[in-house]
Amino acid sequence: MKLLPDLMTFADGTAVLTKNDWIERRKEIIDILSREEYGYMPPAPKAVTGEAKREEDRCCSGHAYKERINITFDTPKGDFSFPVNFFVPVKEGKYPLIILINFRPDAYDKYCPVEEIFDSGFAIAQIYYEDITTDDEDFNNGLAPHYERDKDTGWGKISMWAFSISRAIDYFMKREEIDSENIIVAGHSRLGKTALWCGANDERVKFVCSNGSGCSGAAYERLKHKGAETVDDIVRRFPQWFCGNYKKYANNADAMPFDQHFLIAACAPRFVCVGDASEDLWADQYSEQLACIGASPAWKINGKSGYVGVKRPAKVGERFPKGEICYHMRDGMHFFGRADWLSFIKFIKSKI
Ligand code: GCU
Numbered sequence: 164m165k166l167l168p169d170l171m172t173f174a175d176g177t178a179v180l181t182k183n184d185w186i187e188r189r190k191e192i193i194d195i196l197s198r199e200e201y202g203y204m205p206p207a208p209k210a211v212t213g214e215a216k217r218e219e220d221r222c223c224s225g226h227a228y229k230e231r232i233n234i235t236f237d238t239p240k241g242d243f244s245f246p247v248n249f250f251v252p253v254k255e256g257k258y259p260l261i262i263l264i265n266f267r268p269d270a271y272d273k274y275c276p277v278e279e280i281f282d283s284g285f286a287i288a289q290i291y292y293e294d295i296t297t298d299d300e301d302f303n304n305g306l307a308p309h310y311e312r313d314k315d316t317g318w319g320k321i322s323m324w325a326f327s328i329s330r331a332i333d334y335f336m337k338r339e340e341i342d343s344e345n346i347i348v349a350g351h352s353r354l355g356k357t358a359l360w361c362g363a364n365d366e367r368v369k370f371v372c373s374n375g376s377g378c379s380g381a382a383y384e385r386l387k388h389k390g391a392e393t394v395d396d397i398v399r400r401f402p403q404w405f406c407g408n409y410k411k412y413a414n415n416a417d418a419m420p421f422d423q424h425f426l427i428a429a430c431a432p433r434f435v436c437v438g439d440a441s442e443d444l445w446a447d448q449y450s451e452q453l454a455c456i457g458a459s460p461a462w463k464i465n466g467k468s469g470y471v472g473v474k475r476p477a478k479v480g481e482r483f484p485k486g487e488i489c490y491h492m493r494d495g496m497h498f499f500g501r502a503d504w505l506s507f508i509k510f511i512k513s514k515i
């Protein structure tokens with residue numbers, strides 16, 4: 164393995180020495196990741212509106228109400244709309260909001276224990292990712308055809324999904340039940356990559372929860388352990404997630420002007436939760452943990468710590484919540500489980 168690109172050195176070779184330097188370096192990192200990996204997102208739209216319909220006054224044990232909201236925003240080729248499921252505790256208050264980008268449209272889904280979440284004092288918004296655009300190489304459906312797309316640097320689907328989460332944030336910032344200072348974005352696997360990329364770009368996201376995000380998510384690309392997915396694997400099977408340029412790095416990760424600690428670091432000095440499962444070798448757990456360590460200088464320059472925990476591989480059941488990056492290793496398979504959620508929720512509550 165060649166040396167990793169240095170997080171704290173600008174592309175022109177000068178060192179990142181102050182908090183203000185970090186503000187500039189973060190912009191440079193987002194530009195590098197946009198150009199070389201995920202593709203550039205378009206500018207934010209001018210107007211975002213939502214039409215809400217109350218579906219349940221009291222759901223589950225009666226502690227929350229549920230709405231279905233249609234969010235609409237302008238694009239160069241006309242308006243685009245997508246639906247969101249929204250749960251809010253019935254007790255009057257301002258709640259931190261967890262936005263989950265999910266694999267299925269169902270509000271009561273195996274990856275989202277809504278009752279545990281709203282009973283812990285959160286509102287929840289769920290976006291079904293294929294309501295934005297399908298997870299395949301077809302760029303003629305949903306949001307995709309609303310913008311021109313450059314073949315090398317134009318946005319891939321991860322960017323489209325992440326951009327749409329930000330449009331939901333545009334809407335929820337104006338809802339009176341929401342504590343707009345505490346917006347959390349969560350996702351699992353390909354959608355854990357998406358959650359990180361959204362949080363990297365959008366500073367309104369206070370916490371990112373990325374579960375089992377693996378290759379092109381929280382895991383280093385250069386440092387692969389046995390059984391782990393590589394850039395070559397991912398661009399062959401899922402080219403639609405990325406911009407065209409990313410293909411250059413198949414079997415050539417050492418040539419990348421970045422590695423995935425850049426993605427985590429672009430969320431600094433805000434909060435990041437990284438969750439892994441003990442059997443999930445494909446996601447390369449230890450490379451995720453090491454990338455959390457590698458991203459931490461971005462917090463240190465802001466007078467914070469980043470990841471505070473062991474440097475050896477985390478053991479099953481271990482959790483490191485002391486800094487601004489929380490890492491946990493759950494027992495079991497690749498899944499967004501209750502134990503993952505409880506770890507994330509506990510961390511968030513300790514930092515709010
Ligand atoms: C595949 C892919 C991973 C991805 C996962 C998922 O396994 O190779 O990169 O994270 O799907 O989204 O479930």
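Reminder that position 18 of the sequence shown reads as 181 in this note's numbering, one-by-one numbering, no gaps. Where is the CB? At the ideal position from N, CA and C, for every residue including glycine.
1) Are Ser373 and Leu386 touching if we call contact CB-CB under 9 Å?
2) Grab the span of the beta strand (DSSP E) containing Gln289 for me, first residue to last.
3) Would you tell me roughly how many angstroms separate the C-alpha atoms of Arg501 and Phe507, rounded to the nearest one?
4) Check the DSSP bridge columns for Leu196 and list the partner residues they point to.
5) If you check the beta carbons only, do Asp365 and Ile328 fall under 9 Å apart?
6) Looking at the secondary structure, which residues open and close the alpha helix (DSSP H) in which Asp298 lies?
7) Ligand 2 heavy atoms versus the CB of Leu505: any closer than 8 Å?
8) Hey, is Asp396 close to ligand 1, as in C-beta under 8 Å from one of its heavy atoms?
9) Between the beta-carbon of Ala416 and the beta-carbon of His497, is there less than 9 Å?
10) In this structure, what does DSSP give as the bridge partners for Gly213?
11) Which residues does DSSP list as the beta-bridge partners of Pro268?
12) Throw me the rounded Cβ distance for the Cys430 and Gly362 pair, which I believe falls under 8 Å.
13) In terms of alpha-carbon separation, which member of Val471, Asp494, Ala461, Ala477 lies closest to Lys190?
14) Bridge partners of Met492, per DSSP?
15) So His351 is in the beta strand (DSSP E); what residue range does that whole segment cover?
16) Would you check whether ligand 1 has a heavy atom nearer than 8 Å to the C-beta of Trp360?
17) Tell me the rounded alpha-carbon separation between Lys478 and Met492.
18) Could you check if Arg384 is buried or exposed, using at least 16 other CB atoms within 10 Å of its CB as the buried criterion?
Looking at the atomic coordinates:
1) no
2) 286–291
3) 10 Å
4) DSSP lists no partner for Leu196.
5) yes
6) Asp298 -> no alpha helix (DSSP H), and no H or E assigned at all.
7) Summarising the ligand content, the structure contains ligand 1 and does not contain ligand 2.
8) yes
9) no
10) Ile234
11) Pro268 is not bridged to any residue.
12) 5 Å
13) Ala461
14) Asp439
15) 341–351
16) no
17) 7 Å
18) Checking the sequence, you will find Glu at residue 384 rather than Arg. Glu384 should be labelled buried.
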